[in-house]
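Trainee: Take this structure first; my questions come after.
There are 2 protein chains.
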Amino acid sequence: MKNDPHMEKALKALANDKRLLVLELLKDPVGNFPPQVDGDLIEDGVCSNWLTEKMGVAQPTATRHLKVLTEAGLIIPTRKKGWVFYRRDEAAIGALKKLFCEEV
Amino acid sequence: MKNDPHMEKALKALANDKRLLVLELLKDPVGNFPPQVDGDLIEDGVCSNWLTEKMGVAQPTATRHLKVLTEAGLIIPTRKKGWVFYRRDEAAIGALKKLFCEEV
DNA sequence: TTTTCATATAGTTAAATTGCTATATAGCTA
DNA sequence: TAGCTATATAGCAATTTAACTATATGAAAA
Chain A
1 MKNDPHMEKA
11 LKALANDKRL
21 LVLELLKDPV
31 GNFPPQVDGD
41 LIEDGVCSNW
51 LTEKMGVAQP
61 TATRHLKVLT
71 EAGLIIPTRK
81 KGWVFYRRDE
91 AAIGALKKLF
101 CEEV
Chain B
1001 MKNDPHMEKA
1011 LKALANDKRL
1021 LVLELLKDPV
1031 GNFPPQVDGD
1041 LIEDGVCSNW
1051 LTEKMGVAQP
1061 TATRHLKVLT
1071 EAGLIIPTRK
1081 KGWVFYRRDE
1091 AAIGALKKLF
1101 CEEV
């Protein structure tokens, strides 16, 4: 289990304030975002537009941050009617926490 | 507790394979390193020379990695007879684990 | 006091990261 | 089918990171 490359990738994804903010906001979609029409805040997640706004960066920059988090397996994208919704992958995040506490 | 800058600094320090290796090796100084003359492996920590060797980088590069870990509060340097020994700061690492599990 | 040796700093380079604007793609909707 | 509109990609600039070699510093030993 030494030098797990998966954990290093996740840590790199987390080592950024904008991406930490996204994970924080996605903890409480209903509390942090207004109701959505085309996707359920809980089931599907939060529209990328709103995450972009909260991050305070341009749309392509936000897209890349969300891609980093997705490829690290920390969030799950759901496409619906031309939108992309993101939610936390709680199973993966829980597994990471366990690994983190064991390895570090 | 939102967006803790201390945790971001620690995560940046951890998001590197060489630095993760150092923390891993320092978990078991006696198992991973030969006996030392001028510093106690447990009390003082491991000589920076041996950590440099394990990292497989040049001496100045290793010095910087160790500085990053030190400034993130994850390891503790002890100077003795011209050497610097490093050991894990278990209290700080434990606090970080707690914060990590609560925040992420 | 002088030498020696471990460690730190300076300075350079290459690669990765983060941001932007402009543009392409893709898929609803009319 | 045609046009919108959300998202993705391309391409560029600035910054940070990680590596190196060369050199400075500082403390112990001779």
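Residue numbers (my numbering), protein chains in the order written: chain A, 1 to 104; chain B, 1001 to 1104.
For glycine and all other residues, C-beta sits at the position ideal for the given N, C-alpha and C.
Is the shortest distance between the beta-carbon of Ala1091/B and the beta-carbons of chain A less than 7 angstroms?
Mentor: No, Ala1091/B lies away from the interface with chain A (no Cβ there is under 7 angstroms from its Cβ).
Trainee: Buried or exposed for Ala91/A, please, with buried defined as at least 16 other CB atoms from any protein chain shown within 10 angstroms of its CB.
Mentor: Exposed: under 16 other Cβ atoms inside 10 Å.
Trainee: Look up Ile1042/B in the DSSP assignment and give the residues it is bridged to.
Mentor: Paired residues: none, contrary to the question.
Trainee: Under a three-way DSSP split, which group does Met1/A fall into?
Mentor: Note that Met1/A scores a pLDDT of 49, beneath 50, so its modelled location is shaky; the value from the coordinates is reported in the next line. In this structure, Met1/A counts as coil in the three-state DSSP scheme.
Trainee: Taking 7 angstroms as the CB-CB limit, is Phe1033/B close to chain A?
Mentor: Cβ-Cβ to chain A under 7 angstroms: no for Phe1033/B.
Trainee: Say whether chain A places a C-beta atom closer than 7 angstroms to the C-beta of Lys1097/B.
Mentor: By this cut-off, Lys1097/B is an interface position.
Trainee: Let me know the beta strand (DSSP E) ranges lying completely inside the region 65 to 102 of chain A, each 3 residues or longer, listed in chain order.
Mentor: DSSP runs (the beta strand (DSSP E)) wholly in the region 65 to 102 of chain A: 75 to 80 and 83 to 88.
Trainee: Given a cut-off of 7 angstroms on the beta-carbon distance, is the pair Asp1089/B and Leu1074/B in contact?
Mentor: Against a cut-off of 7 angstroms, the Cβ pair of Leu1074/B and Asp1089/B comes out as a contact.
Trainee: How would you label His1006/B, buried or exposed, when you count the other beta carbons within 10 angstroms and need 16 or more for buried?
Mentor: With fewer than 16 Cβ atoms within 10 Å of its Cβ, His1006/B is classed as exposed.
Trainee: May I have the straight-line CA-CA distance separating Gly94/A from Val37/A, to the nearest angstrom?
Mentor: Roughly 30 angstroms separates the two Cα atoms.
Trainee: Can you find a CB in chain B that lies within less than 7 angstroms of the CB of Leu140/A?
Mentor: This structure gives no information on residue 140/A, because the portion of chain A shown stretches from 1 to 104.
Trainee: Quick check: is the beta carbon of Phe1100/B nearer than 7 angstroms to any beta carbon in chain A?
Mentor: Closer than 7 angstroms to some Cβ of chain A, the Cβ of Phe1100/B qualifies, so yes.
Trainee: Can you find a CB in chain B that lies within less than 7 angstroms of the CB of Leu66/A?
Mentor: Judged by the 7 angstroms Cβ criterion, Leu66/A is not in contact with chain B.
Trainee: Pull up the distance between the alpha-carbon of Arg1064/B and that of Arg1079/B, whole angstroms please.
Mentor: Distance between the alpha carbons of Arg1064/B and Arg1079/B is about 16 angstroms.
Trainee: Mind checking if Glu1053/B is an interface residue toward chain A, Cβ cutoff 7 angstroms exclusive?
Mentor: Glu1053/B does not count as touching chain A.
Trainee: Give me the chain B residues within the contact set of Glu8/A, using Cβ-Cβ distance strictly less than 8 angstroms, ordered along the chain.
Mentor: Ala1015, Asn1016, Asp1017 and Leu1020, listed in chain order.
Trainee: What residues of chain B sit near Leu69/A, judged by a beta carbon separation below 9 angstroms?
Mentor: What Leu69/A touches in chain B: nothing, since even the nearest Cβ is about 11 angstroms away.
Trainee: So is Leu41/A in contact with chain B if we call contact Cβ pairs under 7 angstroms?
Mentor: Chain B contact via Cβ: absent.
Trainee: Quick one: does Lys81/A have its CB under 7 angstroms from some CB of chain B?
Mentor: Cβ-Cβ to chain B under 7 angstroms: no for Lys81/A.
Trainee: Got a sec: is the Cβ-Cβ distance from Tyr1086/B to anything in chain A below 7 angstroms?
Mentor: No, its Cβ sits nowhere closer than 7 angstroms to a Cβ of chain A.
Trainee: Taking the alpha carbon of Val30/A as the point to measure from, which residue in Lys67/A, Ala10/A, Leu11/A and Arg87/A has its own alpha carbon closest?
Mentor: Closest by alpha carbon: Arg87/A.
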